[in-house]
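Quick note on the working numbering: the sequence shown kicks off at 72 and runs consecutively. A virtual CB, placed ideally from N, CA and C, is assigned to each residue, including glycine. Only one structure is covered here, and it is reproduced in the block below.
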Amino acid sequence: MTNPFDDPDRLFRVLRNTGGEHSLWPDGIEVPAGWQVVHGEASRTACQSWIEDNWR
Numbered sequence: 072m073t074n075p076f077d078d079p080d081r082l083f084r085v086l087r088n089t090g091g092e093h094s095l096w097p098d099g100i101e102v103p104a105g106w107q108v109v110h111g112e113a114s115r116t117a118c119q120s121w122i123e124d125n126w127r
């Protein structure tokens with residue numbers, strides 16, 4: 072079994088916490104408390120690009 076965080080073929084979401092930090096999060100895994108979805112479902116590459124364009 073592969074780690075879902077490392078699966079390049081899986082869909083991801085971008086999460087943001089109240090501190091403004093961002094995280095890639097595999098789709099289908101429960102979003103942890105204190106985080107909200109701000110982008111996705113999308114490819115890992117698309118989510119990484121979104122973070123680069125939107126994280127200040």
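| Item | Value |
| --- | --- |
| Taking the beta strand (DSSP E) that E129 belongs to, which residues open and close that run? | Coverage of the chain is limited to positions 72 through 127, which leaves residue 129 absent and any answer about it impossible. |
| Strictly by DSSP, which residues pair up with R87? | H93, Q107 |
| To the nearest angstrom, how far is the alpha carbon of H93 from that of R87? | 4 Å |
| Near L95, what residues of its chain come up, given a Cβ to Cβ distance below 6 Å and the 5 sequence neighbours on each side ignored? | F83, C118 |
| Does DSSP classify E101 as helix, strand or coil? | coil |
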